[in-house]
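Everything on this sheet refers to the single structure shown next.
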Amino acid sequence: MTKFTLAIALLLTTFGIHASADADKEALAKRLAPVGQVYVAGAAAAPAAGASGPRSGEKVYQTACFACHGTGALNAPKKGDAAWKPRLEQGYDTLLKHAIEGIRNMPARGTCGDCSDDELAAAIKFMTEGV
């Protein structure tokens, strides 16, 4: 009986090692996969996976503005908060200018370096709705 148990244990161990080796090969292949591609001058380049159009104010807010304006970090006014009123009284163009150029603790374009002026304007409108 012990020989039979030993034979079964050896068989199961062999299958386990083989299955583990296959999983390790797949994980290794993923780690070694190329990160990018090289194109030779004159060759047709792959289409760029760029933006498909302007982002909505809500999308810009969620991806770039929320870190400060959603939490109030560095005294940033939160979405829909009354702290926007004195800023809006300066004029919308001034508010947009400050968003583009930066002011006090806010860097230029906030944390959205690839946002267009129109996308920043949409984000401002989204944050100041209801004020």
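In case it helps, mature numbering (1 follows the signal peptide of the UniProt record, and there is no 0) puts the sequence shown at residues -19 to -1, 1 to 112. Glycine is no exception: its CB is placed at the ideal position from the N, C-alpha and C atoms. Note that this is a predicted model, so its numbers are computed, not measured.
Exercise. Would you report the Cα separation of I84 and G72, rounded to the nearest angstrom?
Worked result: Indexing the sequence shown from 1 puts residue 84 at position 103. Indexing the sequence shown from 1 puts residue 72 at position 91. Straight-line measurement puts the Cα of G72 at about 15 Å from the Cα of I84.
Exercise. Alpha carbon to alpha carbon, how far is C96 from T(-7)?
Worked result: Mapped onto the sequence shown, residue 96 falls at position 115. Mapped onto the sequence shown, residue -7 falls at position 13. Roughly 56 Å between the two C-alpha positions.
Problem set entry | Same chain, Cβ closer than 7 Å to L76, five either side skipped, listed in chain order | Residue numbering aside, residue 76 sits at position 95 when the sequence shown is read from its first letter. Apart from sequence neighbours up to five positions away, the residues of its chain that approach L76 with a beta-carbon distance below 7 Å are R68, L69, I105, ordered along the chain.
Exercise. Which one or two residues does DSSP pair with I84 in a beta bridge?
Worked result: Position 103 of the sequence shown, counting from 1, holds the residue named residue 84. Paired residues: M87.
Exercise. Should Y42 go down as buried or exposed, given a rule of 16 or more other Cβ atoms within 10 Å for buried?
Worked result: In the sequence shown, residue 42 corresponds to position 61, counting from 1. Buried, because 16 or more other Cβ atoms sit within 10 Å of the Cβ of Y42.
Problem set entry | Alpha-carbon to alpha-carbon, M108 and A63 | Residue 63 sits at position 82 when you count from the first residue of the sequence shown. Residue 108 sits at position 127 when you count from the first residue of the sequence shown. Rounded to whole angstroms, A63 to M108 spans 11 Å at the Cα level.
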